[in-house]
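Engineer: Counting in this note's numbering, the sequence shown runs from 729 upward without gaps. Just so you know, even glycine gets a beta-carbon here, dropped at the ideal spot from N, CA and C. Quantities reported herein were computed from a predicted structural model and do not represent experimental measurements. Can you read through this structure? Questions will come right after.
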Amino acid sequence: MTHWKVQIVALKVIVSLIPRDPEQPKPNRSIVRLSGMATVNTLKRYLAHSMWSNMSRYSELDLFCNDELMGRDFPMRFIHLTRCRNKLEDEPLKLVYRYHIDF
Numbered sequence: 729m730t731h732w733k734v735q736i737v738a739l740k741v742i743v744s745l746i747p748r749d750p751e752q753p754k755p756n757r758s759i760v761r762l763s764g765m766a767t768v769n770t771l772k773r774y775l776a777h778s779m780w781s782n783m784s785r786y787s788e789l790d791l792f793c794n795d796e797l798m799g800r801d802f803p804m805r806f807i808h809l810t811r812c813r814n815k816l817e818d819e820p821l822k823l824v825y826r827y828h829i830d831f
């Protein structure tokens, strides 16, 4: 009888959070390491908590990678694989944040 071992590897992603405007508030830590399964919403909540001490303000922010708006349910691993194919594995994923604009 063969026993199969299932190993789930949670890839860690290093993210650099960059404000679009210099006068925007800065988070406590601008470079964070998190699970590849963490979503854009998770990062937005971190930013809101870090900058304003109010996590419920996360909807006031948008995150961009390569000037493209990232969907709220995009996992970091998905962004890493689809938007940053040419970057080195050690290099942080650069995400730019700015205030949300309604169209």
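When the Cβ atoms of the stretch 790-803 are set against those of the stretch 754-774, are three or more pairs found closer than 8 Å?
Structural biologist: Cβ pair count under 8 Å is three or more, so yes.
Engineer: In terms of alpha-carbon separation, which member of 775, 757, 739 and 759 lies closest to residue 827?
Structural biologist: Looking at the Cα atoms, 775 is the closest of the given residues.
Engineer: Does residue 742 come out as helix, strand or coil in the three-state DSSP assignment?
Structural biologist: Strand, per DSSP.
Engineer: Pull up the distance between the alpha-carbon of residue 811 and that of residue 830, whole angstroms please.
Structural biologist: Cα to Cα, the separation comes out at about 24 Å.
Engineer: Nearest-angstrom Cα distance between residue 749 and residue 739?
Structural biologist: Near 31 Å, if we compare the C-alpha coordinates of residue 739 and residue 749.
Engineer: By the DSSP assignment, the alpha helix (DSSP H) with residue 811 in it spans what residues?
Structural biologist: 804-811 is the span of the alpha helix (DSSP H), which, as asked, contains residue 811.
Engineer: Mind checking which residues open and close the beta strand (DSSP E) that includes residue 757?
Structural biologist: Counting along the chain, residue 757 falls outside any beta strand (DSSP E), and DSSP gives it neither H nor E.
Engineer: Could you please give me the residues that DSSP links to residue 770 through a beta bridge?
Structural biologist: Its beta-bridge partners do not exist; DSSP assigns none.
Engineer: Report, in whole angstroms, the separation of the C-beta atoms of residue 807 and residue 816, which I expect to be a contact under 8 Å.
Structural biologist: 16 Å between Cβ atoms; not a contact.
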